[in-house]
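Have a look at the structure below, then the notes.
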Amino acid sequence: MVKDKLVILASLALVTSSPLSADGLHSSLSFPQCTDHGLSSKFSDIDDLEYEVLRKNKKIGTHRIWFDETDAGTKVTARTEMKVKLLFVTVFKYEYVSEELWCGDKLLKVETRVNDNGTKTNTLAVNNDKRFIAELNGKSYELPADFYTTNHWNAGVVKTDKVFNTITGKINAVSYQPAGEAIMQTELGEKAVTQFTVDGELAINSFYDRAGNWSGMAFEHKDGSLIEFRCLKCGLPDHKTASASAAAS
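Numbered continuously in numbering that gives the first Met the number 0, the sequence shown closes out at residue 248.
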């Protein structure tokens, strides 16, 4: 038991001593070179994913996810920016930046910085091959190795029963259930999506298209208002997907 605690503390010492970048994320965490850059989840047909954020059907911000190939693996960055104004005065501001690193289908790291109207939190989980070690505002603990994150982009999440909540730094027990098909309007055209109802320690509706691209979500904010993330660019629309498939055949 003492030995396990020493292993965890030693691993976190490497993490917490790393300098922070301008975004507040650790910029110098090092991982071995990754030789597997293929994700089994077909996460995107375009370079990045873009969404608008709405509250009570009024736009209050944006969300973007982009993918970069590095020597250490596939880096996936998610950024949310929201503002609520009253009579031209900003009464609420929210910023979220999360960075994941994947080698193939193996999650190596997820790190998140949140500024919720002045309340700041940072979460971090690092895979050291034997276990995931998490850190929340300076406190460390061990996580189960098999989970997806609440960044939503990886469609494999619909098959899991637990997710790492990147805001709270905790594992949430969840259940994803398909709840019907819908047509979503995007900047690139119509696309068919499947709605999943998420129950358990999270309560949201999440949408994925036929290619496995995350198309948005909807949930009730703590003030009772409806918050929606709606796809602007998140994979090819149906007519372009069909054309691409026909050309390939």
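Even glycine gets a Cβ: it sits at the ideal position worked out from N, Cα and C.
- Each residue's CA atom was taken as its position, placing Lys58 and Lys190 some 21 Å apart.
- DSSP links Phe131 through a beta bridge to Asn126 and Leu142.
- Judged by beta-carbon spacing, Leu100 lies beyond the 8 Å limit of Ala124, meaning their Cβ atoms are not closer than that value.
- In this structure, Gly211 lies away from Arg229, with their beta-carbon atoms at least 8 Å apart.
- In the DSSP assignment, Arg54 falls within the unbroken beta strand (DSSP E) covering Asp47 to Arg54.
- Collapsing the DSSP output to three states places Ala202 in coil.
- Between Val156 and Leu201, the CB-CB gap reaches or exceeds 8 Å.
- Counting of Cβ neighbours within 10 angstroms places Ser29 among the exposed residues, the total staying below 16.
- Separation of the CB atoms of Asp35 and Phe66 is rounded to 15 Å, and the pair is thereby denied contact status at 8 Å.
- The beta carbon of Asn164 sits closer than 7 Å to the beta carbons of Thr149 and Asn171 from its chain, once the five residues preceding and following it are set aside; these are given in chain order.
- In terms of Cβ geometry, Asn116 and Lys92 form a close pair [threshold 8 Å].
- Of the candidates Val52, Phe146 and Val109, Val52 places its Cα closest to the Cα of Glu94.
- His151 and Arg63 have their alpha carbons spaced roughly 12 Å apart.
- If you ignore the 5 residues before and after Phe206, its C-beta comes within less than 6 Å of the C-beta of Val192, Gln194, Ser214 and Gly215, all in its own chain and listed in chain order.
- Where Lys161 is concerned, the enclosing beta strand (DSSP E) starts and stops at Lys161 to Asn164.
- When DSSP states are grouped into helix, strand and coil, Ala154 belongs to the helix group.
- Beta-bridge pairing by DSSP links Pro177 to Phe195.
- Assigned with DSSP and collapsed to three states, Thr167 falls in coil, not helix or strand.
- Collapsing the DSSP output to three states places Asp115 in a strand.
- By the Cβ-count criterion, Glu98 is buried, with 16 or more other Cβ atoms from all chains shown falling within 10 Å of its own Cβ.
- With fewer than 16 neighbouring CB atoms inside 10 Å of its own CB, Lys158 falls in the exposed class.
- The residue among Leu187, Glu180, Asp198 and Gly188 with its C-alpha nearest the C-alpha of Asp160 is Asp198.
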